[in-house]
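Comments concern the structure below.
Numbering (the numbering used here), first residue to last: 1 to 632.
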């Protein structure tokens, strides 16, 4: 009778009227023939939070991929029980049906979540047959929109409600576009345990992606600042690794629902192959100095890289099964080859390659641990469940350390080369030192002469007019800033034109030289300066606390010129004399006086001295009112 009820439920689920007795009888007789093959029922109880039930299901292969639910139930003798804790459907051109019977607890209705722990299944159909003919149907897969999934989950999970004490049959149909199904753990969760597990998985995956993205961004910054090719390979490798794991774990389908599903699935395969290719290229770049002397080994390395690039065209064509058939063996062979190459390069003196060895070993151990856990060779421990994730993070860290040590070694080599270059330069400098020093002294002397000539009057040796203008502006600004006083004295030789006309210009030049030498010899302060500002006109920039002291000094200068006793027949004094005009500013006046006004004041005083009989000094303090008068 139990099989008759099943047939009636199927007839109702297919929309057939109960009076269609021939079809119902046929289904009943077909099912009755398989009574001996009924599956072992799984009785549920409230304390069962998590069960691995892959070995509790029956399997049916559908080579035609055309069987319907009624036909599947009618072929009961073809079912075979699963014997392993994880289903391994591998590569198969057939569709597969799974049959599971659940019996509810006697004390109340039980709700469970059925998880098919393989996010890469292409097409999944789940039929839940309840007593009394009620049925639920779900269809999803990574080739179908994410919204088709009954539970928003990166994998595939289906809610099951089992009434108290009743049996519920669950039929699952698995199909693949190109025949790849792979390993399939099947779990039955309580709702609370499933939510906790999903949250824990999301947290761990977030930490995993976060760690890799931090490494990617950090080394992207290093790439921008150093422009080193090693960082470019590493950043590209990390990007492909993150993209591969993001798609492989089903998170791309969950969080990038706007992208076409074909892009996500092909992107997984392409990024997977490219990540291995980039790892190989990165390793070759880091051991290139050792490979330079062994071209055959370099060619072998690139051959291994090319082997891992072969699956890329298949990935572009969308052949998931063909890509993995070629990529997985190539990956394992490349990891082993990379470990051997790292050991060889380490022995050649490239110490940083030991971290490539450690990283490749971490990835290999992670791959093997997760595979062996899925095949139940190792226990179902959380560390093993995330073996590839842990291995890839450790590998990324090891490679980062390897790159850092490589950069440090490059810096050390550069410093050594620089030190050797400095030593060679020192030896060369020692050999040429005397010559360089001699030439340097000559150049300094020439520069000094040029500097002196640029500010010195060639005839008298006093400073020239250009330097006078610079010094006048500087000394006036300094007096304003420091609170000092400044004196500007202009003087020229009396009746000097007549002297030149009577004695000749060479004699006049000699007079200018003797007067300049006499005045410069009489300067008392280091800040006092003598300038030749015209033909026979000179200027003195003087520092002094008050005007009487400056007048006393200028009288000494005037007497020293007269005391030279140079004959001057065109002058009533009979000798060469000079007339002086002194303009003096205290600190208060310098704030409102500029160099032009000060010069005009001294010039006016000089002409006043000449007008009053020559061979004398006229002086005045320069208050602001007088400066304004002069400026006007």
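A virtual CB, placed ideally from N, CA and C, is assigned to each residue, including glycine.
Bridge pairing for residue 532: 538 [DSSP].
In this structure, the beta-carbon distance from residue 387 to residue 370 falls below 9 Å. Secondary structure at residue 88: strand, using DSSP grouped into helix, strand and coil.
With at least 16 other beta carbons inside 10 angstroms of its own, residue 187 counts as buried. The beta-bridge partner set that DSSP reports for residue 581 consists of 490 and 618. Residue burial annotation: residue 441 is exposed, with fewer than 16 other C-beta atoms found within 10 angstroms of its C-beta.
Among the bridge pairs identified by DSSP, residue 173 is matched with 97 and 125. Residue 223 and residue 356 have their alpha carbons spaced roughly 19 Å apart. In this structure, residue 542 sits near residue 553, with a CB-CB distance shorter than 9 Å.
Going by DSSP, residue 190 is part of no alpha helix (DSSP H) but of the beta strand (DSSP E) stretching over 186-190. Residue 279 sits close to residue 237, with the two beta carbons spaced by under 9 Å.
Taking C-alpha positions only, residue 346 is separated from residue 115 by approximately 46 Å.
Just so you know, the alpha carbons of residue 42 and residue 126 end up roughly 18 Å apart.
Measuring C-alpha to C-alpha distances from residue 577 to each of 525, 260, 272 and 518 identifies 518 as the nearest. Between the alpha carbons of residue 137 and residue 172 lies a gap of roughly 10 Å. Setting aside the 5 residues that flank it on each side, residue 215 is surrounded in the same chain by 238, 396 and 400, each with a C-beta closer than 7 Å to its C-beta; the list follows chain order. The closest CA to that of residue 177, considering only 277, 409 and 322, is found on 322. The Cβ atoms of residue 532 and residue 603 do not sit closer than 9 Å to each other. About 21 Å separates the Cβ atoms of residue 157 and residue 180, ruling out a contact at the 8 Å cut-off. Taking all protein chains shown into account, residue 301 has 16 or more neighbouring C-beta atoms within 10 Å of its C-beta and is therefore buried.
Residue 291: not part of any beta strand (DSSP E); member of the alpha helix (DSSP H) spanning 261-291, first to last residue. Sixteen is the threshold: since fewer than 16 other Cβ atoms of the shown chains lie within 10 Å of the Cβ of residue 507, the residue is exposed. For residue 55, DSSP assigns no beta-bridge partner whatsoever.
Per DSSP, reduced to three states, the secondary structure at residue 320 is helical. If you look at residue 158, you'll find it in the beta strand (DSSP E) that goes 156-162. Just so you know, the alpha carbons of residue 202 and residue 140 end up roughly 21 Å apart. Of all C-beta pairs linking the stretch 288-297 to the stretch 269-276, fewer than three are shorter than 8 Å, placing the two stretches out of contact. The criterion of a C-beta distance shorter than 9 Å is satisfied by residue 320 and residue 122. If you ignore the 5 residues before and after residue 250, its C-beta comes within less than 6 Å of the C-beta of 119, 154 and 155, all in its own chain and listed in chain order. When beta bridges are read from the DSSP output, residue 81 appears opposite 58. Our two residues, residue 183 and residue 374, have alpha carbons roughly 7 Å apart in a direct line.
DSSP places residue 168 within a strand segment (E or B) once states are collapsed to three. Collapsing the DSSP output to three states places residue 591 in coil. In the three-state DSSP reduction, residue 331 falls in the helix class (H, G or I). Boundaries of the beta strand (DSSP E) around residue 138: 135-140. In terms of Cβ geometry, residue 512 and residue 488 do not form a close pair [threshold 9 Å].
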